[in-house]
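Below is one structure, written out as structure tokens; comments come after it.
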């Protein structure tokens, strides 16, 4: 079930950001920079991408964790061929079953597990100086060894019914532009 895109500002957004406008939405409800899975539990049947792209240079995408009991991936990709988890080039995977952990997957390859996450955490994937880094609440916990291919867009995949991506924003001061 697709829904229209939203361009309104996300609440509690970081300065210099704008709410993500979603497109290619499948199996999700879209509202104000957020996604909620409406399709049945499983990978490959729910997700969306941003209309905003990072054509070159530096920028980031960020979202707020609202629940700790669901699986979802949020990150940056050079394209979007499916709504499956392994289609996200640089992804933050919030693993919502015990033990609850933040994991990094890059094009389907696990790069590591980086401790628990809690509701209210701000999760970010960003590019600076051609290097992709992952952070939680402003603290970088993993730096990729892979170089990004531009243009980048925000890419998502949601596993559990009612899983959310909330208050998702992109940086607008470092070259993220609306397509």
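Numbering (my numbering), first residue to last: 21 to 199. Every residue, glycine too, gets a C-beta built ideally from N, C-alpha and C.
- Pairing residue 91 with residue 77, the inter-Cα distance amounts to about 30 Å.
- Assigned with DSSP and collapsed to three states, residue 105 falls in helix.
- Secondary structure of residue 183 (DSSP, three-state): coil.
- Considering only 142, 93, 170, the residue with the shortest C-alpha distance to residue 151 is 170.
- Ranked by Cα distance from residue 97, the first of 57, 175, 191, 181 is 175.
- Rounded to the nearest angstrom, the gap between the Cα atoms of residue 52 and residue 41 is 8 Å.
- In the DSSP assignment, residue 96 falls within the beta strand (DSSP E) that extends over 92-97.
- Around the beta carbon of residue 85, a 10 Å sphere encloses 16 or more other beta carbons of the protein chains shown; the residue is thus reported as buried.
- For residue 124, the enclosing beta strand (DSSP E) has its first and last residue at 121-126.
- With respect to the 8 Å criterion, residue 188 and residue 39 are classified as neighbours on the basis of their beta carbons.
- Residue 166 carries a coil assignment under DSSP once its states are collapsed to helix, strand and coil.
- At least 8 Å separates the beta-carbon of residue 132 from that of residue 145.
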